[in-house]
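Chains as they are written, first to last, in my numbering: chain A, 5 to 488; chain B, 5 to 488; chain C, 191 to 637; chain D, 191 to 637. Glycine included, each C-beta is placed from N, C-alpha and C at the ideal position. Below: one structure, written as structure tokens.
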Amino acid sequence: MKRKERPTLLKEASTPGRRGYLPPVSDVPPVPAGELIPQSFLRQTALALPELSEMEVTRHFNSLAQRSFGVDQGFYPLGSCTMKYNPKVLEELSQLPGFQGLHPLQEETTVQGALALLHYAEEVFSTITGMDEFTLQPAAGAHGELTGLLIIKAALLEQGETDRDTILIPDSAHGTNPASAALVGFKVQTVPTSPAGIIEPETLKPYLNSNVAGLMLTNPNTLGLFEEKILTITKMIHDIGGQVYCDGANLNAILGWARPGDMGFDLIHLNLHKTFATPHGGGGPGAGPVGVKKHLAKYLPIPRVVSTPEGWHWQYDLPHSIGKIKGYWGHFGVIIKALAYILQLGYAGLKQVSSDAVLAANYLQTLLKEVYHLPYDTPCMHEFVLSGLRDEQSKINTLDLAKGLIDFGVHPPTIYFPLIVPEAMMIEPTEAVTLELLNSFVTIMKELARLAKEEPEALKTAPRTTPVRRLNEAQAARHPILKW
Amino acid sequence: MKRKERPTLLKEASTPGRRGYLPPVSDVPPVPAGELIPQSFLRQTALALPELSEMEVTRHFNSLAQRSFGVDQGFYPLGSCTMKYNPKVLEELSQLPGFQGLHPLQEETTVQGALALLHYAEEVFSTITGMDEFTLQPAAGAHGELTGLLIIKAALLEQGETDRDTILIPDSAHGTNPASAALVGFKVQTVPTSPAGIIEPETLKPYLNSNVAGLMLTNPNTLGLFEEKILTITKMIHDIGGQVYCDGANLNAILGWARPGDMGFDLIHLNLHKTFATPHGGGGPGAGPVGVKKHLAKYLPIPRVVSTPEGWHWQYDLPHSIGKIKGYWGHFGVIIKALAYILQLGYAGLKQVSSDAVLAANYLQTLLKEVYHLPYDTPCMHEFVLSGLRDEQSKINTLDLAKGLIDFGVHPPTIYFPLIVPEAMMIEPTEAVTLELLNSFVTIMKELARLAKEEPEALKTAPRTTPVRRLNEAQAARHPILKW
Amino acid sequence: MGHPFLPLTDEERRQMHKTIGIERIEELFKVIPSSIQESAFFDLPAYNETETVKLFTQWAEMNTPASKMVSFLGAGAYEHAIPAAVKHLATQSEFLTAYTPYQPEMNQGILQAFFEYQSLIADLTGMDVANASMYDGPTALAEAVLLAGNFTRRREILVFPGLNPEAQQVLEAYTRYTNLRLKFLSPTAELTAPPASFLNEQTAAVVIQNPDFFGQLVLTKELLTAIKEKGALSIVYVNDPISLAILEPPGTLGADLVVGEAQAFGLPLSFGGPYLGFLAAQKTFLRSLPGRLVGKTTDLEGKEGFVLTLQTREQHIRRERATSNICSNQALCAIMATIYLSLLGPVGLQEVAWSTVRNSHYLFSQLTRIPSVKAYFDAPFFHEFALDLGTLPPDFFTKMKERGFFPGYDLSHYSPPLSGGLLLYTSELRTKDEMDKFCAEMEDCLS
Amino acid sequence: MGHPFLPLTDEERRQMHKTIGIERIEELFKVIPSSIQESAFFDLPAYNETETVKLFTQWAEMNTPASKMVSFLGAGAYEHAIPAAVKHLATQSEFLTAYTPYQPEMNQGILQAFFEYQSLIADLTGMDVANASMYDGPTALAEAVLLAGNFTRRREILVFPGLNPEAQQVLEAYTRYTNLRLKFLSPTAELTAPPASFLNEQTAAVVIQNPDFFGQLVLTKELLTAIKEKGALSIVYVNDPISLAILEPPGTLGADLVVGEAQAFGLPLSFGGPYLGFLAAQKTFLRSLPGRLVGKTTDLEGKEGFVLTLQTREQHIRRERATSNICSNQALCAIMATIYLSLLGPVGLQEVAWSTVRNSHYLFSQLTRIPSVKAYFDAPFFHEFALDLGTLPPDFFTKMKERGFFPGYDLSHYSPPLSGGLLLYTSELRTKDEMDKFCAEMEDCLS
Ligand SMILES: Cc1ncc(COP(=O)(O)O)c(C=O)c1O
Ligand SMILES: Cc1ncc(COP(=O)(O)O)c(C=O)c1O
């Protein structure tokens, strides 16, 4: 009700003697502690944890929730992140006791349903993307990239191609792409985007040489544009002996319309938390399954689920595998949700998802380019990038506009990315919109443009309706306070 | 974020063609509708229901939740209602598929666990209250009253006591008491409360005659005071051949300290949603089990759960029973929660509940009587009633104070009840408090008193921090608009 | 004592004692006669959360829920598919842990939800107004009958045959000590013709369940008109309001009061409760209605908002002259129904209704092919129908259970002469395959 | 197409087409080469919600979850009692459906929760700083090792025996193509003595799991001091941080980096994921840390608030020179752990720890009475221990399962020579009664 100060920290709210939970207590005959664990190992330092009742914990996390904003609270056109609606039934399914209560190391015979599900999920992802085989192990998109690059590396080394140490990455790529390449020890060579916002074969050509291990490409790319020359590009890379990796973060644009496998990509990661509606959870957990074409399948992480007449098994004996890139079998709970989402749509539904996502983006682009600068003025796919206000005299920058949006109850788009667009605002409405919602967003964006002109101070000092005003990020970095 | 207009009504938000759920659809061979149901029965009038997607429904009910306030959101000292904390595990238990999926008319052999649970719950309630038998059928406290009064009536009629047509009820009683009595065809005779806030045998005496069917008493009463003369009172009623009914709404004061059965009460209803922590759900569902002494047991509603060596059964063949007062067996889902709450506390825990509830109330009473008028200035039980500001010149009434509290993020106490206290504010902190919470409430209440003196306008126009300001209730009643 | 439900610590208790001026907590309880205190002890150990969950899970696992079977049990409580979002949205803690919105400014959300619930029920039934909920169908009916008695000042209540027996029993208990007399019409009367014969000047109301307990469609405009002409009120009882999706609403046909059980709108079977009674009326009865009503109004700045209204009918103010004693009601269940209806929408609700109709008629046609199986009635039915199976083999229900089926409601519970009778309900959850298997097992079991 | 996940109606689509200036949706996709479009079709039917629930329930019911058994499986994933409130509070839609709080003013709640998580982890491990989460324990370890390599510019990583095999394999995969060399110390080495012998100028870091994979306590101050003296970093891997409740924290003992798996803090077993990696460090490493960090700052009115900070380490800005590539992490799992820790508090967490210790030592003493059963080690252990059962009877695991037990982790999976070896874990959930029954069945099965 009243705009409150921030909720006290758990530690500040702690009162000695309070209990929030009574755990089960061992009922075996008592033995002195020292006989169980030598004194020298035991804690001398006091255990500093907060002491609260269940009610206080509940009110604390309720008030934190009230100071947070998710897709369920309103429009969230955060570009590249595909903040679509997360159907409620998905939560139910991942919480079934027959899934949630499974220990990862149970005997295979006791987890046949789980193995069947994982195996089927791999098949479905292959079908949707046009790839041959999938691993479900990666924990997120960036982790999928790492996995894919390890696979490329393993393949190269097996072929004795030790000189291929370079990965080509467009300048519009997400930061995880170069970071992942570096993690595997690749050099990163940046390929510039053409004035049309895509990679042109002509631009690419000079970068092609025998050191190239491969190309990482996001398609549609982070400008929201489909790489039209994709067939030529993948062929060019293949011709010089490289692999083409697809950052599948933007798959939401092309479900049922185009399959990365058919474009010539050799590997891809999916972001289940984007395309397939698993909730983002405030930043995770996601899942980043990786699909490959046949020639790379033997490098996939172990174990793989295999189906035999006697049932499903974990197969470990794969000598070419890159090994394990994560404990156990991936984010099982997330995979359940993604598969359940997909199965509720089917082919036709998935295709409609992309149709609507692309339609919504183009609708916004058409209306917003009247007042905002649209650097790549062409029909977009599922998202588009504006470059600040058209009014070039304006002192209002993209950060101000984002903070202004907050005061209208809308989550701002991704800002200052991709790096190649000055004052970038990357807008991705997703298919989870109504016409009324889109129109009201346009109205708000136009109102911001008006404010920028007529009352710039209102935007410079935005937001005003939030529990805190604009926060000093520089101070946070200069004097890091990272714990209580 | 932004203070928004009220969320659009579902109907206003409706758009033709939107779907929120795809139900299972019959897969039997198609037959023309007219062959199944004669045209004359079929709907001619259009079916006016809103059309929304799941996302819109989710956002709608999220935004309604954000404009609501429960115990999980903050302090809720609503007197008489015992707004204690509702432990989260209770929800889990009532949702177990083995409970939630039970059809009420399943064969007894398929519901043995449910019958065992109900039977045990009856025993536990009997133990706690000192009664002999319980029915779990009543849906809420008022429904329990009705049940109890039907039992009294049935007993009287069986004894041929047709002249006993009057129920005595103190003037401090909750409105449901007289209303329930009237529903069963009793006349209501109001007994005045003494200056000490309780019923005195002397005051009661003149009302005793051969028309008296019984007395309904809340103990502790709605002033938060224990009826000290209870043993005399129940004896007086018994001596003239009447029954004494206990409105058990205030049981939270005396758990483990005193049992209504030991006070001479013949019947009692419990409010599981008050004393036993089942969530109030915005106004329900609650549950109002009724306990009786042996001599009234044969009148309890049918069926009763009985335990036999072969298992548990429904017993219907009880010729003296008042019959059924509700479909099936009561609020099973609520009973589960109450029992689980009780079992997690045990005797010692329950007694501590009441100790803390009484302690908290007395603490507040001690500190608040400095600035508010305390009409019955004596140690209270679990709640107490203030009678407006001590400053008698003040133009600020209890309604203003309540609205003022809202602006401090506290749910106001019950106001203008009991009716015998002018400008009543009935404050029940419950045991679910910390000292800090109590102190901050005192600070706020004192601040309100200061405002009343120094800035009365601020209170007259409160609340200001809510989505709407003070609402015109008179207009609502004069021109009722009860649907869209 | 440190317990998760008891926030106060011993140290805080000590400080509070000091402020109050007591040494020991017992001092606050000394008003309670010591003899009472002495007998107050009982023996009840405490369980921790884990033990509690284990105990209740054991009880739950001793049951065989209908939801895990292929069940044809209806007879007043109806399994339907429940969208997952219903639970998620209804159990948000702001709804779950609030109480009746006595302070409207603080609870506009809950009030708006009730207003929407009232509107949906009124629209569905074709009535002017609906209240914010009753305990369940049977008590809603009983209260409607009491209302009719008070309103008409007449004494006789005619009850059509085919009223749900639970509702009938509750009605009997509620009216037993009033001046109302219930008259149960016999199934043989010519009930579809204008019922002049059985109405008289003392008839306060006629109660008609539609579809009736046996699934039959009995409500017609002519019937309601004839009742009205005699100055009696018509009370229509609806046990599965999914039927309102495809049947002409009672309000449009002329009913005065429409009451019923709305469990079917997104509430789990839950062994019979909590369910959701609804009560809708023509506006004439507005000030005679039991229960809470939410109305729209404006705030002091002219902004729209919602409040509890017409509270002068209620016991808080009117005490023994109140129109009813209901206080806590089924608020959260009403919110669940509102969410259910907003998710289903008109198309979804009609799909559900038609699926149940199609399934039941298919099952009826298949089962009645079994030589020993006969239909009890031949009137048109909705999603439920009664069969005469002849003499049931011993352990019929146990055998069918072992094969995975709850075959329906044993009508001998309803009325011993109907032994061998079975009332079957088919929800939209049943598939052709399940029903075909069921028919085969029935044939096997009955031969 | 009307679908619950697709709000747009055909009419809205038509209007949008008009605004954009297209006739058909295909026009927006014409940039996609037609050959690609032609091959894009696949055959995948759609299920409604009910069918989906049925299908997944079938899969779920094909499993026998450890949670329904008397299970002694640990070996890296630990069943503990989880307070019901954890799920309720963590899955509030504001947490569940938000993304990384890039806009701090709008997501102060989530940021504060991360700040509290960081603080709790730092306190528990005795370190200066913790990040906002890693994917899981194994990847946290791998990243810590990469950090150590970059920080020290040395190349050799010594790994103590008894590292969880999952962590070991992930570490191998992460480092295989880097310039780091892993050296696995053999269990026979005199590891508790100052390890001067196996440290050299090239040692970047020493990895020590404590308690180790076999449950043994191996971490001492002397060991960490010896490592520090050689200029190498010590990385302590903690697989069940419940141990930190009663063991002296690695940070206080002198560890440079403490990483591990925090699944035990309120996360369900969930077949291995999602779990929660944590990474804590001395402040020297602050600007080398992978992952997100939340810091406290003030707003333009001086009010306290929280923001993501030190983002210049991250790939958004630094791209190929970033300290790590991690972007989406385990935010919601971190919130769950924070809720778990706030509910348990110091007393609760120590009760859990001691209960697991007491139970495991009791079980150890009982099982080792069986003649054919021998302990593999005799070092002090925490809540897990390894037994040599000799030659296992065929179908040992199946037989024990049929009797209701998961007897533990088959060490022959870990290393074929350990065939007949069993690693047993006892949580606080196990009762004496269960353990006694288990011992009896074991004796029976092994004889
Ligand atoms: C284009 C692109 N690539 C990669 C990623 C990394 O994915 P994740 O955050 O799941 O690691 C993201 C998302 O943040 C992205 O938008
Ligand atoms: C003293 C008292 N008696 C009776 C009742 C009626 O209980 P219920 O609301 O459960 O019908 C209440 C609660 O509102 C009450 O406070």
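CB of residue i within 9 Å of CB of residue j, strictly
i, j, result
"A363(D)", "G327(A)", "yes"
"F269(A)", "I222(D)", "no"
"G164(A)", "S214(A)", "no"
"L409(C)", "L361(C)", "no"
"S57(A)", "F195(C)", "yes"
"T238(B)", "M267(B)", "yes"
Cβ of residue i within 9 Å of any chain C Cβ
i, result
"V349(D)", "no"
"Q520(D)", "no"
"L271(B)", "no"
"A281(B)", "yes"
"L619(D)", "yes"
Three-state class that DSSP yields for residue i in the structure shown
i, result
"L353(D)", "coil"
"C635(C)", "helix"
"R7(B)", "Low confidence applies here, because R7(B) scores a pLDDT of 43, under 50, leaving its location unreliable and the question unanswered by this model."
"F468(D)", "strand"
"H147(A)", "helix"
"W249(C)", "helix"
"E387(A)", "coil"
Heavy atom of ligand 4 within 8 Å of residue i beta-carbon
i, result
"A576(D)", "This structure simply doesn't include ligand 4; it includes ligand 1 and ligand 2 instead."
Within chain C, partners of residue i - CB distance below 8 Å
i, result
"S3(B)", "This structure leaves residue 3(B) out entirely; chain B is present only between 5 and 488."
"E58(A)", "P194 and F195"
Partner residues on chain D for residue i, Cβ-Cβ distance less than 8 Å
i, result
"G334(B)", "Ordered by position in chain D, no residue passes the 8 Å Cβ test against G334(B), which lies about 24 Å from the chain."
"Q479(A)", "T487 and T488"
9 Å Cβ cut-off: residues of chain C touching residue i
i, result
"E149(B)", "N515"
Closer than 7 Å at the beta carbon, the chain B residues around residue i
i, result
"G76(A)", "Per the sequence presented here, residue 76(A) reads as Asp, with Gly not at that position. Simply T62, R63 and N66."
Chain-ordered chain A contacts of residue i [CB-CB under 7 Å]
i, result
"P91(B)", "E58"
- Query: What residues in the segment 95 to 122 of chain B bring their beta carbon closer than 9 Å to a beta carbon of chain D?
  - Reply: For the segment 95 to 122 of chain B, which is checked against every Cβ of chain D, the residues closer than 9 Å are E95, E96 and L97.
- Got a sec: which bits of the segment 223 to 241 of chain D sit with their beta carbon under 8 Å from any beta carbon on chain C, in order along the chain? Residues passing the 8 Å Cβ filter: E239 and T240.
- Residues of the segment 262 to 273 of chain C whose Cβ lies closer than 8 Å to any Cβ of chain D, in chain order: Within the segment 262 to 273 of chain C, the residues whose Cβ lies closer than 8 Å to some Cβ of chain D are A271 and P273, listed in chain order.
- Residues in the segment 338 to 364 of chain A having any Cβ partner in chain B nearer than 9 Å: Answer in chain order: Q348.
- Query: Which residues, taken in chain order from the segment 19 to 32 of chain A, show a beta carbon closer than 9 Å to some beta carbon of chain C?
  - Reply: Only those residues of the segment 19 to 32 of chain A whose C-beta falls short of 9 Å from the nearest C-beta of chain C are listed: T19, P20, G21, R22, R23, G24, Y25, L26, P27, P28 and V29.
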